[in-house]
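Note sheet for the following structure.
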Amino acid sequence: MGQANMPEALRKAAEEFDRHEGRSDGAAAVLWLDAGLTVLRTALYLRMHQDVELFVGRDSMRMPVSELRTLFLANQAVERYQIAESAAAAKHQGYTADAAWYLDWLARIRLGDYDWRGEIVERTKSDFTKTGEERRQAFSDEMAHILHEAASAPLVVFRLFPLAVQIVTARAFGDRK
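The sequence shown begins at 0 in numbering that gives the first Met the number 0 and counts up one residue at a time.
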């Protein structure tokens, strides 16, 4: 998909990326981040929810409405974690000199029209300042609170997920190593 065929919000994000970073591959970076992080978010939720239900069983007390709320809260937590983890990776690997800008920029891509001045922003920025291990532990605790099945998910899922986010980030910046 060329930049001309991109949705308006992603096209603008690509142009901002090119301007801020002095690059010309913003469209590719935006598409890699948007598609890659969406795949990871979906796969993580399915792994924690459906796979655990398959092996552990379904909680018959949960209503479909509560499942929709759980999905919303889980997706919000995953997005917040991915944004902080990607920004930390971009800073650590030297992909960008301005990690704070990158964090805000990626949040606008991933959260869209969500109120970027509210609680979710402060929590994302707070997550970014933690160490990788602190971020991972806080994320796994939050997911277990939101999605009870997450407490039964293999711990390796929480160890591999940040690496997957880092790989998506590296690929978005053209780092194929």
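Positions of the beta carbon are idealized from the N, C-alpha and C atoms, including for glycine.
Apart from the five residues just before and just after residue i, which ones in its own chain have a Cβ nearer than 6 Å to its Cβ?
| i | result |
| --- | --- |
| Arg-170 | Trp-31 |
| Phe-172 | Tyr-94 |
| Ala-149 | Met-47, Met-142, Ala-143 |
Short of 7 Å in beta carbon distance, which residues of its chain neighbour residue i, apart from the five on each side in sequence? Order them along the chain.
| i | result |
| --- | --- |
| Thr-95 | Glu-20, Ala-89, Tyr-101 |
| Glu-132 | none |
| Glu-15 | Trp-104 |
| Ala-73 | Tyr-44, Met-142, Ile-145, Leu-146 |
| Ala-87 | Phe-127, Gly-131 |
| Asp-17 | Ser-23, Gly-25 |
May I have the straight-line CA-CA distance separating residue i from residue j, to the nearest angstrom?
| i | j | result |
| --- | --- | --- |
| Leu-36 | Arg-109 | 8 Å |
| Pro-63 | Ala-106 | Low per-residue confidence applies at Pro-63: pLDDT is 47, beneath 50, and the placement is therefore not dependable, though the value from the model is reported in the following sentence. Each residue's Cα considered, the two are about 29 Å apart. |
| Ala-83 | Asp-174 | 19 Å |
| Ile-194 | Ser-65 | Residue 194 cannot be examined here, being either before or after the span of the chain that is shown, 0 to 176. |
| Thr-41 | Ser-139 | 16 Å |
| Pro-161 | Thr-168 | 10 Å |
| Lys-91 | Asp-97 | Here residue 91 is His; the residue named in the question, Lys, does not match the sequence. Taking the straight line from one Cα to the other gives about 11 Å. |
| Gln-75 | Ala-99 | 20 Å |
| Arg-10 | Asn-4 | 8 Å |
| Lys-176 | Leu-159 | 18 Å |
| Gly-117 | Gln-81 | 18 Å |
| Val-77 | Ser-85 | 12 Å |
Round the Cβ separation of residue i and residue j to the nearest angstrom and send it over; I've been treating them as touching at under 8 Å.
| i | j | result |
| --- | --- | --- |
| Leu-154 | Met-47 | Wrong, their Cβ atoms sit about 12 Å apart, outside the cutoff. |
| Ala-13 | Ala-26 | 4 Å |
| Gly-111 | Ala-28 | Their Cβ separation, rounded to whole angstroms, is 18 Å, which puts Gly-111 and Ala-28 out of contact at 8 Å. |
| Lys-124 | Ala-137 | So it is not a contact: roughly 13 Å between Cβ atoms. |
| Arg-79 | Arg-122 | 6 Å |
| Phe-157 | Arg-135 | 6 Å |
Tell me where the alpha helix (DSSP H) around residue i begins and ends.
| i | result |
| --- | --- |
| Phe-16 | 7 to 20 |
| Gly-35 | 25 to 45 |
Excluding five sequence neighbours on each side, which residues of the same chain lie with their C-beta closer than 8 Å to the C-beta of residue i?
| i | result |
| --- | --- |
| Ala-163 | Leu-39 |
| Phe-71 | none |
| Ile-188 | With the chain covering only 0 through 176, there is no way to say anything about residue 188. |
| Pro-6 | none |
Quiz item: Curious, which full-length alpha helix (DSSP H) runs of at least 4 residues does the stretch 85 to 166 contain?
Solution: Listed in chain order, the alpha helix (DSSP H) elements of length 4 or more contained wholly in the stretch 85 to 166 are 98 to 110, 118 to 128, 131 to 145.
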